[in-house]
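Student:
2 protein chains.
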Amino acid sequence: MGYRPLSHAQAIRTGRVRAIAMVINSEEPDRHNPFLQDFLAGACEAASALDWTMTISTAKSEKDMLEVLGRLVEERKADGFILPRTEVNDVRVKYLRELKVPFILYGRTGYGQAQTQDDTSWFDISGETAIRKAVGRLVSFGHTRIGFVGSDPKFNYSHLRRDGYLEGLEAAALPADPKLIREGARTREEGAIEARALLRLKRPPTAIVFATDLAALGCYPVCTELGLHIGRDVSILGYDGIPECQYVSPGLTTFSVDSQRAGERLATMLIQQTRGEAPAGLRELSEAELIARESDGPPRLTSEQLAKKIQLLTDHNRGGNRL
Amino acid sequence: MGYRPLSHAQAIRTGRVRAIAMVINSEEPDRHNPFLQDFLAGACEAASALDWTMTISTAKSEKDMLEVLGRLVEERKADGFILPRTEVNDVRVKYLRELKVPFILYGRTGYGQAQTQDDTSWFDISGETAIRKAVGRLVSFGHTRIGFVGSDPKFNYSHLRRDGYLEGLEAAALPADPKLIREGARTREEGAIEARALLRLKRPPTAIVFATDLAALGCYPVCTELGLHIGRDVSILGYDGIPECQYVSPGLTTFSVDSQRAGERLATMLIQQTRGEAPAGLRELSEAELIARESDGPPRLTSEQLAKKIQLLTDHNRGGNRL
DNA sequence: TGGTTTTCCGAAACCGGTTTCGGCAACAAA
DNA sequence: TTTGTTGCCGAAACCGGTTTCGGAAAACCA
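Below, the structure is given as structure tokens:
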């Protein structure tokens, strides 16, 4: 008859407010995530379908993060949490586990640590599989010297994607040259720095796989600067599927991540968990989808020829160095 | 002593849940807003400072929007609402006004309607002032034929920005040519269509002001296609200050909007309103900041010369028309 | 038909706070 | 000293639901 009980009135008796929360870190250098809206749409829709709501908060630092989580728990503004961007050593996980509050991770955690008594639930997209495929794709094009630019090692995904790169090399029986592996590129600018470092090597890679699209986009001005044609002189692959990939020239080949579905699954699984399901049973690994564009292809030059071309152009431009 | 009352227990007596909500439309074609996180950071921070929280929800259609709002009101999940992207005829405003629920607009509403008994509170950034300045800037560069590409007329800001354009022309005593005014460009692709229409005129504009950066970015491939050098053959200005402006070449001159402060002010003013302050007193108009880059400058060609150049290149390319 | 069990339904207790109310002590004025 | 006023503090009522409990009615069985 159109009657809806006041949610806080039921909460007082049931102990559940029928709300999940997510705290996002607002200080990150690569925080301009165009997919936040998609993610929220997925999560909100899933929550709405079960008559739950979604609370959102932001934190400016690690300390602030725990404070915000603590406040939400103590005031009981939420019954569970979605933790995005899991880190290798994640303080949020430790904190919430201790408080015995339900939570779910977007991404896995504890890279390299024994998974003893691990009872966390998570949803993740297998970046390692995608990067392994990226290497396989480059190998099938004929590349034999392939570089990798990773993201910040504090994030768990950074290690997984590097592992995917190494697995790809191993599957193709190619040696892993430590010189070809760079880490810590989160922004366009950092991506540019690492790309430049790789291309200025004595034996540069003819293809580079980037852990994120943003870092890969940083490679574009570097290639212009070095007089290289992306997709022919150097092949580039990214990961994330940000919209910009299709607007740069040549279009960036990347792996597209379905953020909306991620939000949807995370919200659904978290609510299941608050209803008593075992966290360990609530885990899901999904795949990213290859979006082939024009930034990669068969190598036109060998590593040696590439080095010579770069050397030539660098010497030539020495006068007007624009950093 | 570290004690915090359960928020829903106080809510049952006080009738207030100390939460504000925002419902975002997830179906929009230009929904990939990189500033959502900044906006949320501002709003959440302001809310947190007053010990409030922020609830978020998404809606897929206008009908869905009212349903979601209704649910949040009836279950009393929020004490007030932030309504982003106000439309000329905004159903949300009518609905919430009728329900006597506090709300605040991000943007004004009711363009062209008499503001009788208008008791809404809002925060907005004066797009019309920015666009007027844009026209003034182009005039001072020496442009006399300036085009305008507006956004979807259902949004209030679209009309305001067009008015700003007209005011700018009037201030410079330039005639307003209806042929130079286009509307309805929300995406890059739509921006490209309108830009092409303007540049293919018999007497094309030597400068174009776009109501949004996204539409302005659509002009870039069109200029490449027509063989025009942005910033010299044609001047371009955008509005919004999306990060991509600085990565395209030449960099897009635009007006930067402080989304974080917008979120902060909106949340603060909304909470004041729920505490009893009169909505009509809670209004604020802010300004966008000019970010000058290389996409605009003195006209190198007259409109006639520009038309000739475009004609020439179009004829030349007729064989390999790439749409 | 009588006794027992099941079902149904309304009343009461409860959840954890806020707010009101009343009683008592302290203080000021006469 | 008595009376009136103020201040303080603990008890009780209340908010709007959910859950429990008990009694009456209905159904079942011998």
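Sequence order for the protein chains is Y and H. Numbering-wise, our numbering comes out as the position in the first sequence, counting from 1, plus 28. Numbering-wise, our numbering comes out as the position in the second sequence, counting from 1, plus 28. All residues carry an ideal CB built from backbone N, CA and C; glycine is no exception. Keep in mind that this is a model prediction, so the values were computed, not measured.
1. So what does DSSP say about threonine 157 of chain Y, is it helix, strand or coil?
2. Taking DSSP as the reference, what is the three-state secondary structure of glycine 369 of chain Y?
3. For the stretch 319 to 328 of chain Y against the stretch 253 to 261 of chain Y, do three or more pairs of beta-carbon atoms, one drawn from each stretch, fall closer than 8 Å, so that the two count as touching?
4. Could you give the DSSP three-state label for leucine 127 of chain H: helix, strand or coil?
5. I want to see whether chain Y comes within less than 9 Å of threonine 81 of chain H, judged by CB atoms only; does it?
6. Skipping 5 residues on each side, what residues in its chain have a beta carbon closer than 8 Å to that of leucine 194 of chain H?
7. Below 7 Å on C-beta distance, what does arginine 104 of chain Y contact in chain H?
8. Identify the contact partners of serine 54 of chain H in chain Y, using a Cβ-Cβ distance below 7 Å as the criterion.
9. State the CB to CB distance for the pair alanine 244 of chain Y and leucine 280 of chain Y, rounded to an integer number of angstroms; the pair is presumed to be in contact (CB under 8 Å).
10. With respect to the alpha helix (DSSP H) encompassing alanine 235 of chain Y, which residues constitute its N-terminal and C-terminal limits?
11. Closest Cβ-Cβ distance between leucine 100 of chain H and chain Y: below 9 Å?
12. Where does the unbroken beta strand (DSSP E) through isoleucine 84 of chain H begin, and where does it stop?
13. Return helix, strand or coil for alanine 335 of chain Y, following the three-state DSSP convention.
14. From the beta carbon of cysteine 72 of chain Y, is the nearest beta carbon of chain H less than 9 Å away?
15. Determine the direct distance from the alpha carbon of arginine 321 of chain H to that of leucine 340 of chain Y, and round the result to whole angstroms.
16. Cα separation between leucine 202 of chain H and threonine 172 of chain H?
17. Whole-angstrom Cβ separation of valine 116 of chain H and threonine 86 of chain H, contact assumed at under 8 Å?
18. What does the Cβ neighbour count give for methionine 82 of chain H, buried or exposed, with the cut at 16 atoms within 10 Å?
19. Quick one: measure Cβ to Cβ for alanine 75 of chain Y and isoleucine 48 of chain Y, integer angstroms, because I've assumed they're closer than 8 Å.
20. List, in chain order, every chain H residue whose beta-carbon is nearer than 8 Å to that of arginine 216 of chain Y.
21. Could you tell me the alpha carbon to alpha carbon distance between glutamine 300 of chain H and glutamate 312 of chain H, rounded to whole angstroms?
22. For arginine 350 of chain Y, collect the residues of the same chain with a Cβ closer than 8 Å to its Cβ; drop the 5 residues on either side in sequence, then sort them by chain order.
23. May I have the straight-line CA-CA distance separating aspartate 191 of chain Y from alanine 200 of chain Y, to the nearest angstrom?
24. The beta strand (DSSP E) spanning glycine 108 of chain Y covers which residue range?
25. Report all residues from its chain with a CB closer than 6 Å to the CB of aspartate 152 of chain H; omit the five preceding and five following residues, and keep chain order.
26. Are the stretch 31 to 49 of chain Y and the stretch 58 to 75 of chain H touching, with three or more C-beta to C-beta distances below 8 Å?
27. For proline 62 of chain H, go through chain Y and note every residue whose CB falls closer than 8 Å to its CB, in chain order.
28. Do you know how far the Cα of proline 278 of chain Y is from the Cα of leucine 127 of chain H?
29. Beta carbon of alanine 213 of chain H, beta carbon of serine 179 of chain H: below 9 Å?
30. Tell me the DSSP bridge mates of alanine 49 of chain Y?
31. Work out the CA separation of leucine 227 of chain Y and proline 233 of chain Y for me, nearest whole Å.
32. In three-state terms, what does DSSP make of valine 116 of chain Y?
33. Does the beta carbon of alanine 39 of chain Y sit closer than 9 Å to a beta carbon anywhere in chain H?
34. Sorted by chain position, which residues of the same chain lie with C-beta nearer than 6 Å to serine 287 of chain H's C-beta, five sequence neighbours on each side aside?
35. Look at the Cβ atom of glycine 175 of chain H, then the Cβ atom of valine 237 of chain H, and state whether they are nearer than 9 Å.
36. With a threshold of 7 Å on Cβ separation, who are the neighbours of leucine 124 of chain Y within its own chain once the five nearest residues in sequence on each side are excluded?
Tutor: Let me lay it out:
1. Numbered from its first residue, the first sequence carries residue 157 of chain Y at position 129. Here threonine 157 of chain Y sits in helix by DSSP.
2. Nothing in the structure corresponds to residue 369 of chain Y, since chain Y is present only between 29 and 351.
3. yes
4. Working through the second sequence from its first residue, we reach residue 127 of chain H at position 99. Three-state DSSP puts leucine 127 of chain H in a helix.
5. Taking the second sequence and counting its residues from 1, one reaches residue 81 of chain H at position 53. Closer than 9 Å: yes.
6. Counting from one through the second sequence, the residue named residue 194 of chain H turns up at place 166. Same-chain partners within the cutoff: Ala204.
7. Indexing the first sequence from 1 puts residue 104 of chain Y at position 76. From the beta-carbon of arginine 104 of chain Y, the residues of chain H found nearer than 7 Å are Leu34, Ser35, His36.
8. Residue numbering aside, residue 54 of chain H sits at position 26 when the second sequence is read from its first letter. Going along chain Y in sequence order, the residues near serine 54 of chain H (Cβ under 7 Å) are Gln65, Ala69.
9. Counting from one through the first sequence, the residue named residue 244 of chain Y turns up at place 216. Counting from one through the first sequence, the residue named residue 280 of chain Y turns up at place 252. Yes, alanine 244 of chain Y and leucine 280 of chain Y are in contact; Cβ-Cβ is about 6 Å, under 8 Å.
10. Translated into positions along the first sequence, residue 235 of chain Y becomes position 207. Not the alpha helix (DSSP H): alanine 235 of chain Y falls in the beta strand (DSSP E), residues 235 to 238.
11. Position 72 of the second sequence, counted from the first residue, corresponds to residue 100 of chain H. It does; some Cβ of chain Y falls within 9 Å.
12. Reading the second sequence from its first residue, position 56 is the one you call residue 84 of chain H. It spans 81 to 87 - the beta strand (DSSP E) in which isoleucine 84 of chain H sits, taken as one unbroken run.
13. Here residue 335 of chain Y is taken as the residue at index 307 of the first sequence, counted from 1. Residue state, collapsed to three classes: helix.
14. For this step, residue 72 of chain Y is matched to residue 44 along the first sequence. So yes, cysteine 72 of chain Y belongs to the interface.
15. Here residue 340 of chain Y refers to the residue found at position 312 of the first sequence. Here residue 321 of chain H refers to the residue found at position 293 of the second sequence. Straight across, the Cα-Cα distance linking leucine 340 of chain Y with arginine 321 of chain H is about 32 Å.
16. One-based indexing of the second sequence puts residue 202 of chain H at position 174. One-based indexing of the second sequence puts residue 172 of chain H at position 144. In a straight line, the C-alpha of leucine 202 of chain H is about 7 Å away from that of threonine 172 of chain H.
17. For the purposes of this step, residue 116 of chain H is identified with residue 88 of the second sequence, where counting begins at 1. For the purposes of this step, residue 86 of chain H is identified with residue 58 of the second sequence, where counting begins at 1. The pair is not a contact, with the Cβ atoms about 22 Å apart (cut-off 8 Å).
18. To locate residue 82 of chain H, count along the second sequence from 1; it is residue 54. Label assigned to methionine 82 of chain H: buried.
19. Sequence index remark: in the first sequence, residue 75 of chain Y carries index 47 (1-based). Sequence index remark: in the first sequence, residue 48 of chain Y carries index 20 (1-based). Contact between alanine 75 of chain Y and isoleucine 48 of chain Y is confirmed by a C-beta separation of about 6 Å, below the 8 Å threshold.
20. Against the first sequence, residue 216 of chain Y aligns to sequence position 188. Those are Tyr275, listed as they occur along chain H.
21. Position 272 of the second sequence, counting from 1, holds the residue named residue 300 of chain H. Position 284 of the second sequence, counting from 1, holds the residue named residue 312 of chain H. Straight-line Cα distance between these residues: approximately 13 Å.
22. Here residue 350 of chain Y is taken as the residue at index 322 of the first sequence, counted from 1. Because arginine 350 of chain Y carries a pLDDT of 45, less than 50, the predicted location of this residue cannot be relied on, and the following value inherits that uncertainty. Contacts found: Glu253.
23. Numbered from its first residue, the first sequence carries residue 191 of chain Y at position 163. Numbered from its first residue, the first sequence carries residue 200 of chain Y at position 172. Going by the C-alpha atoms only, they are around 14 Å apart.
24. For this step, residue 108 of chain Y is matched to residue 80 along the first sequence. Where glycine 108 of chain Y is concerned, the enclosing beta strand (DSSP E) stretches over 108 to 112.
25. Numbered from its first residue, the second sequence carries residue 152 of chain H at position 124. Answer for aspartate 152 of chain H: Gly135, Arg136, Leu313, listed in chain order.
26. no
27. For the purposes of this step, residue 62 of chain H is taken as residue 34 along the second sequence, with counting starting at 1. Correct list: His60, Asn61, Pro62.
28. What you label residue 127 of chain H is simply residue 99 of the second sequence in a count that begins at 1. What you label residue 278 of chain Y is simply residue 250 of the first sequence in a count that begins at 1. Taking the straight line joining both Cα atoms gives about 53 Å.
29. The residue labelled residue 213 of chain H in the question sits at position 185 within the second sequence. The residue labelled residue 179 of chain H in the question sits at position 151 within the second sequence. Yes.
30. As a working note, residue 49 of chain Y is residue 21 in the first sequence. Alanine 49 of chain Y pairs with Y:Thr83, Y:Phe109.
31. Here residue 233 of chain Y refers to the residue found at position 205 when the first sequence is read from its first residue. Here residue 227 of chain Y refers to the residue found at position 199 when the first sequence is read from its first residue. Going by the C-alpha atoms only, they are around 7 Å apart.
32. Reading the first sequence from its first residue, position 88 is the one you call residue 116 of chain Y. In the structure shown, valine 116 of chain Y sits in coil (DSSP, three-state: anything other than H, G, I, E or B).
33. For the purposes of this step, residue 39 of chain Y is taken as residue 11 along the first sequence, with counting starting at 1. Judged by the 9 Å Cβ criterion, alanine 39 of chain Y is in contact with chain H.
34. Here residue 287 of chain H corresponds to residue number 259 of the second sequence, with the count starting at 1. If we look at serine 287 of chain H and ignore the five residues flanking it on each side, its Cβ neighbours are Phe63, Asp66, Phe67.
35. Sequence index remark: in the second sequence, residue 175 of chain H carries index 147 (1-based). Sequence index remark: in the second sequence, residue 237 of chain H carries index 209 (1-based). Closer than 9 Å, so yes.
36. In the first sequence, the residue the question calls residue 124 of chain Y occupies position 96. Closer than 7 Å at Cβ, skipping near neighbours: Leu97, Phe109, Phe131.
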